[in-house]
Amino acid sequence: MHPHVFAEARLDVILSEDHQSVKALRHLWRFDDLFSSTVMMEFDKNSDLKLDDKELKEVAETVHSSLAEFNYFQLVTQDGKDVAMTPPPHLMANFDNDQPIILFESEPKVPIKL
Numbered sequence: 087m088h089p090h091v092f093a094e095a096r097l098d099v100i101l102s103e104d105h106q107s108v109k110a111l112r113h114l115w116r117f118d119d120l121f122s123s124t125v126m127m128e129f130d131k132n133s134d135l136k137l138d139d140k141e142l143k144e145v146a147e148t149v150h151s152s153l154a155e156f157n158y159f160q161l162v163t164q165d166g167k168d169v170a171m172t173p174p175p176h177l178m179a180n181f182d183n184d185q186p187i188i189l190f191e192s193e194p195k196v197p198i199k200l
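Residues 87 to 200 (our numbering) are what the sequence shown spells out, left to right.
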């Protein structure tokens with residue numbers, strides 16, 4: 087990721103069925119216009135100004151490997167101690183209103199009790 091990329095981020099906390107612990111964190115990111123243009127220029131291999139499924143898959147794989155270096159920009163703590171999270175098995179990428187959207191989910195290695 088680039089240090090001056092802006093994203094609108096949403097975090098959904100997924101609870102266990104009994105509502106006693108956190109089951110997963112679901113992240114949804116929508117990126118700014120400048121980064122959106124960069125993604126289009128870099129990944130639109132057939133130059134049709136849209137990203138097909140194959141191109142979106144490449145976006146997702148590239149973002150996934152880039153984010154891994156930064157622990158997916160998530161720092162989870164409980165009672166002042168770090169909570170170990172499993173890396174998301176995959177990311178989904180989409181392009182909506184000319185902006186890339188990234189969606190991924192990670193789970194705590196040990197349930198986080200509420």
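Note that beta-carbon positions come from the ideal geometry of N, C-alpha and C, so glycine has one too.
Only a predicted model underlies this, so the values are computations on that prediction, with no experimental measurement involved.
Going by alpha carbons, who is nearest to residue i out of the options?
i	options	result
LEU111	ARG96, LEU120, PHE121	ARG96
ILE187	VAL108, HIS113, GLN164	HIS113
PHE129	ILE198, ASP182, ALA179, GLU144	GLU144
PRO175	GLU193, GLY166, GLN164	GLU193
ASP168	LYS140, ASN183, PRO197, HIS105	PRO197
PHE181	PHE156, VAL125, GLN164	VAL125
MET178	GLU141, LEU200, PHE156	GLU141
ASN183	LYS199, ASP104, GLY166, ASP119	ASP119
MET127	LYS199, GLN185, PHE156	GLN185
PHE156	GLU147, LEU137, ALA146, PRO173	PRO173
Can you give me the C-alpha to C-alpha distance between residue i and residue j, rounded to a whole angstrom?
i	j	result
SER102	MET171	16 Å
LEU161	SER133	38 Å
ASP139	PHE159	25 Å
SER107	LYS131	44 Å
PHE117	HIS90	11 Å
ALA93	SER122	10 Å
LEU135	VAL99	35 Å
THR163	LEU153	19 Å
LYS195	HIS150	19 Å
TRP115	PHE190	9 Å
Which residues does DSSP list as the beta-bridge partners of residue i?
i	result
LEU101	VAL108
LYS143	BP columns for LYS143 are empty, so no partner.
field: Every unbroken beta strand (DSSP E) within the stretch 155–190, with a cutoff of 3 residues, ordered by chain
entry: 178–182
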